[in-house]
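Worksheet: the structure to be examined is printed underneath.
Residue numbers (the working numbering): 110 to 444.
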């Protein structure tokens, strides 16, 4: 009996923290037309002449701090997750890990499943909230690769899954460990940002980038900003957090164009100025440790918060290979 193929796909990571490999990674990542959605020549100049030249050395230093004896956490936690899911699903499934950018590539993962003779493929982009620059890019890449196959098996794509009960349970359990030790004044949910134009280009006619995102229903389910606010609402409900002690914000903006608001770096300053001394931060857009969690939210924002007058800034651990997160992935694989 043919196996069912499962392809887990995360964003990607450099092969090493060297400037050369970081530059290679940034070029592939940022030249994706779904990531920087501007005309090709402008994108090529921005990425290859400006960003790859001047940002790579700085990013390489950050990756060197993130790297440990196992390498990049994003990659090895992905490998650990793949093994755990494979073990739980059993011999009727073949589970492979891929990265949208760099290694292991989506093409390699798909070819492994093809060689194994699977009769179906379920692609699970490991991004809880849907965005064109993440899920959309993975889907497009998979379709480009399989379009050249003589025989294309049944292929399904999973997501978004921000409201999956077992995902929420895993985040809640990680948060509760810290909440049992500290009484926090505020809870800040920080999500990766997107340029406003990408939300508006998504043909979600109801989105005004305002209060319309406070609820997430069928008509705006694919609005990234609305999904993020809904994730916060579901987590606050699960953890019994008072509404007036919860905020949603967006990090990692790049360039001068407006990105979705509010901005995390501005919100944390306002929180400190308002007398909030102890803040618990969440990063629910990421499922594994990476620069955006460990360093941006965990260290940079911590330093900024304390400099602004705060006293304690803690970050809820990423899902990595939390048992409930493994269960969540297995549920998606089997549906």
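C-beta: ideal position from N, C-alpha, C; glycine also.
On a predicted model such as this, the values are computed, not experimentally measured, just so you know.
Rounded C-alpha distance that separates residue i from residue j
i           : j           : result
residue 281 : residue 149 : 42 Å
residue 138 : residue 125 : 15 Å
residue 333 : residue 439 : 24 Å
residue 413 : residue 443 : 43 Å
residue 289 : residue 351 : 16 Å
residue 523 : residue 114 : For the chain, the structure presents residues 110 to 444; residue 523 sits outside this window and is missing.
residue 418 : residue 370 : 23 Å
residue 363 : residue 128 : 20 Å
residue 260 : residue 173 : 43 Å
residue 409 : residue 155 : 25 Å
residue 169 : residue 214 : 21 Å
residue 212 : residue 365 : 31 Å
residue 391 : residue 354 : 13 Å
residue 255 : residue 238 : 25 Å
residue 341 : residue 325 : 11 Å
residue 387 : residue 348 : 17 Å
residue 240 : residue 204 : 24 Å
residue 316 : residue 225 : 44 Å
residue 210 : residue 383 : 41 Å
residue 293 : residue 422 : 9 Å
residue 381 : residue 372 : 15 Å
residue 397 : residue 119 : 9 Å
residue 399 : residue 270 : 20 Å
residue 310 : residue 143 : 11 Å
residue 187 : residue 393 : 16 Å
residue 157 : residue 166 : 14 Å
residue 171 : residue 319 : 34 Å
residue 218 : residue 429 : 20 Å
residue 297 : residue 420 : 15 Å
residue 176 : residue 183 : 10 Å
Residues bridged to residue i [DSSP beta-bridge criterion]
i           : result
residue 210 : 121
residue 368 : 304
residue 202 : 113
residue 180 : 177
residue 296 : 355 and 389
residue 166 : According to DSSP, residue 166 bridges with nothing at all.
residue 424 : 390
residue 229 : 113 and 263
residue 290 : Looking at the DSSP assignment, residue 290 forms no beta bridge with any residue, so it has no partner.
residue 360 : 301
Neighbourhood of residue i by C-beta, 7 Å cutoff - its chain only, sequence neighbours within 5 removed
i           : result
residue 185 : 179
residue 343 : 272 and 277
residue 161 : 132, 135 and 136
residue 130 : 123 and 124
residue 323 : 338
residue 395 : 401, 402 and 427
residue 361 : 301, 302, 401 and 405
residue 287 : 389, 423 and 425
Neighbour-count burial assignment, residue i, 16 or more Cβ in a 10 Å radius
i           : result
residue 123 : buried
residue 367 : exposed
residue 407 : buried
residue 267 : buried
residue 251 : buried
residue 346 : exposed
residue 163 : exposed
residue 307 : buried
residue 284 : buried
residue 111 : exposed
residue 231 : buried
residue 193 : buried
residue 207 : buried
residue 379 : exposed
residue 299 : buried
residue 159 : exposed
beta-carbon residue i near the ligand MN non-hydrogen atom, thresh 7 Å
i           : result
residue 266 : Among the components of this structure there are no ligands whatsoever, and the ligand MN is therefore not found.
When the options are compared against residue i, the one with the closest alpha-carbon
i           : options               : result
residue 200 : 227, 240, 286 and 217 : 227
residue 264 : 208, 222, 329 and 270 : 222
residue 257 : 220, 240 and 330      : 220
residue 432 : 140, 118, 191 and 116 : 191
residue 189 : 377, 112, 175 and 117 : 117
residue 377 : 365, 394, 395 and 357 : 357
residue 245 : 229, 141, 297 and 195 : 141
residue 249 : 441, 177, 291 and 216 : 216
residue 435 : 415, 247 and 198      : 198
residue 441 : 415, 416 and 202      : 202
residue 262 : 279, 291, 253 and 229 : 229
Close-in-space but distant-in-sequence residues of the same chain around residue i (CB under 6 Å, 5 per side omitted)
i           : result
residue 181 : 122
residue 243 : 236
residue 437 : 273, 275 and 276
residue 152 : 145
residue 304 : 366 and 368
residue 385 : 294 and 295
residue 415 : none
Interface flag, residue i vs chain B, CB-CB below 8 Å
i           : result
residue 396 : This model lacks chain B altogether, as it is built from one protein chain only.
8 Å Cβ shell around residue i - same chain, five flanking residues per side excluded
i           : result
residue 147 : 155
residue 374 : 360, 410 and 413
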